[in-house]
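So, in structure tokens, the structure goes:
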């Protein structure tokens, strides 16, 4: 008899069409929060659990909020988890987007979730791995996944990956670029009825929960919604019939819901179905949970894993919905920037405790560690796949930005360099007061547009040459015509990109382009005509430059106009304003400033844009003198080579692929063995290589409401913020090199330094030799008098790193949750205490070490 597992599962979104923990009001309608719906679902499930009804979700942001408001439910939740009726999958704080956040942020998503998992399951259950669902890495609804994510998942305790989306893992084993092989559950026989209706605002109180006399609304019983509390049993039965006829001796009917309350009649339905079909003895239904899939599928999965040597990395599961790497660009900029401020703050705290060289009282230290955990939770919430991708309503955006304000305020308050007098060993963390210092470089919300300036028709001047650092730039009013490196002035690194017609001038290096982009927050939907390379909608914005300035000695020096005499400069700045008449462009004005880096090896671009457009995109283009179709992109904890393949271009609703890929800090295309072009970015992840050019997307203004508004469920048109109207600040950097190779290690170090993304060298009690970088230096979460040092291999090949400490220390390998990897019996031996340690690194590897001083 066929075993059919019937699994009801609520897919919880902490943010998207609603905010997480605040109502949203617009046009006389109030939309209740996601937490209110998730609380209603849990409250509906609890009495059903006594009758064997299962429930599953592993995002600790939701469970922590629930326990804050219902602490009396903890014992019941723990009991149901022990009985397998509550499955907490390994999702971390939220189900992350794994392509856009910082590398450390992906690790912290699981680290900050541990206390809540322990609270719900018990310390011993977590420590002993008794809760099977917590071994299932859960990625449901994420927009593609990073090629090095298997290593992170295995490092936080996962034994199997589940629910890879939207690019599903095609194999029974997901192999990362470092060689980590993680079995994947997504090949099991699944039939999925989906009920994704949404709770509409109550038609009587319009979502406010109150009557006209300010009493509880009787129409909705004070929920503010018209609740959907049952499933379509006819649809479920049709999927059951498919499952019965499918080959094999078992199958899963996976009932996917979002907002629907658990169906109190589902258990009666399954019992009735079993009675009606008992005579045929073909199949039997049983209510089950997601961990039961793992139990049932494991023997078959083990055979599949053993049937083939899984060594070659799996085809990359990114990108998916590529427009998300640009939409609401501040979600990318600020989430990374605040994460990097927290890395700086926690390393300064670790350094301060190290420098004191005596135990710090827990009463002084624990509040600071708790504050850092709280700040990281807020950042990890912003790394949720519908948050950092910009795919949410405006009210949710405001809530997300406030979370980042609070996290940044915590980072700013941990200034251990100058502790205030009379406060003991460490400074006190003030309560967040709503006005944090915002020196992460990115404002939280749109600033008012600047007032229109008169168009000044400056004549086009003759090309002139200027020296910026190691480079000689040939420029005119339109932009940069050529860049030559002092080490090899005859090497042409950039070539030319022709204009649209033979009469047009070539595009400039770093020129802004305005393009049509008809689509939604997820992606562009109408392809360019006639091709990406020859896009008819493309407008080179250099033709709208109004003036160009050469700054002689400093960025605030008095500017001078271009002239033909070669001379050194501190910076060159172009001003422009679009006046072409496009009816979709209300305001588009910009300044682009190019200045040499402090060491003269880079050209740093700072671009300010006033933007009010619709269905448009702003790119910056960099010609590169290379005909090859591949380029290198950094991803979290590694890098990959990606190929431009026009045959894979796709603008469809669920399979969009515009050949735009996420990059962490750098992209790179060699021109020769010793020359090439690399680019760095600060919070600007959307890059595309075409033979002969890189382009970087800065802004887009989608108008289509796909997924953000479903008028068929209810109307709530709170999405105008997707157009990103306002003033924007962007930073990116060009690295032309011409005399020696530029390695992935060089670029990774440069990218982390450019973003202030690594612990400052001044906070480290060590020096590092080898192809590696320090990504974290912090106090251990749960171990007293221990520090955590995390290294990333940066060359893409196995090697060794040498750590030279300023005093003798012991090192112990740990997983990403800071738990020792050494067996307990081995840990009883005396540790090797010395100043120099050699650490083995595998390709694209992450190494976490517990550091202790001499006892």
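Numbering (the numbering used here), first residue to last: 2 to 856. Every residue gets a Cβ at the ideal spot worked out from N, C-alpha and C, and that includes glycine. As the structure is a prediction and not an experimental result, all values here were calculated from the model.
Between residue 807 and residue 769 a beta carbon distance of about 13 Å is seen, past the 8 Å cut, so the two are scored as non-contacting. By the 16-neighbour rule on beta-carbons within 10 angstroms, residue 320 is buried. Note on the region 20–84: whole beta strand (DSSP E) runs with a minimum of 3 residues are 25–27, 30–32, in chain order.
Here the region 722–733 does not lie against the region 633–644, with fewer than 3 beta-carbon pairs under 8 Å apart. Between residue 642 and residue 683, the C-beta spacing is not below 8 Å. Counting C-beta atoms within 10 angstroms of its own C-beta, residue 729 has 16 or more neighbours from the protein chains shown and is therefore classed as buried. Nearest in C-alpha terms to residue 396, of all of 715, 511, 178, 21, is 21. The criterion of a C-beta distance shorter than 8 Å is not satisfied by residue 604 and residue 699.
Per DSSP, reduced to three states, the secondary structure at residue 173 is coil, with no helix or strand assignment. Taking each of 667, 626, 534 in turn and checking the Cα distance to residue 746, the smallest one comes out for 667. Just measuring C-alpha positions, the residue of 652, 410, 623 sitting nearest residue 523 is 652. Proximity to residue 496 across 628, 383, 503, 480 peaks at 628, based on C-alpha coordinates. Per DSSP, the continuous alpha helix (DSSP H) segment holding residue 355 begins and ends at 330–357. Between the C-alpha atoms of residue 154 and residue 787 there is a straight-line separation of about 24 Å. In the structure shown, the three-state DSSP call for residue 531 is coil. With 16 or more neighbouring CB atoms inside 10 Å of its own CB, residue 549 falls in the buried class. Distance check between residue 662 and each of 250, 146, 75 places 146 closest, using alpha-carbon atoms only. Nearest in C-alpha terms to residue 235, of all of 775, 274, 41, is 274.
One Cα belongs to residue 598, the other to residue 571, and the distance between them is close to 10 Å. In the structure shown, residue 553 falls within a coil segment according to DSSP collapsed to helix, strand and coil.
Per DSSP, the continuous beta strand (DSSP E) segment holding residue 139 begins and ends at 137–139. In this structure residue 622 touches residue 512 by the C-beta definition: roughly 6 Å separates them, less than 8 Å. For the pair residue 94 and residue 337, the CB atoms are not nearer than the 8 Å cut-off. Minimum Cα-Cα distance from residue 757 among the listed residues 580, 776, 772 corresponds to 776. The shortest C-alpha to C-alpha distance from residue 380 to any of 183, 305, 97 is the one to 97. A straight line joining the alpha-carbon of residue 382 with that of residue 62 spans about 7 Å. Contact between the region 736–752 and the region 667–678 is present: 3 or more CB-CB pairs across the two stretches fall below 8 Å. Annotation: the continuous beta strand (DSSP E) that includes residue 640 extends over 639–644. The three-state reading of DSSP puts residue 404 in helix, counting H, G and I together.
Rounded to whole angstroms, residue 779 and residue 355 show a C-alpha spacing of 10 Å.
Around the beta carbon of residue 655, fewer than 16 other beta carbons lie within 10 angstroms, which makes this residue exposed.
Closest by C-alpha distance to residue 657, out of 464, 322, 279, is 322.
DSSP places residue 326 within a helical segment (H, G or I) once states are collapsed to three.
Cα atoms of residue 719 and residue 32: separation of roughly 10 Å, rounded to the nearest angstrom. By the CB criterion at 8 Å, residue 842 and residue 773 fall inside the cutoff.
In the three-state reduction of the DSSP assignment, residue 746 falls in the helix class.
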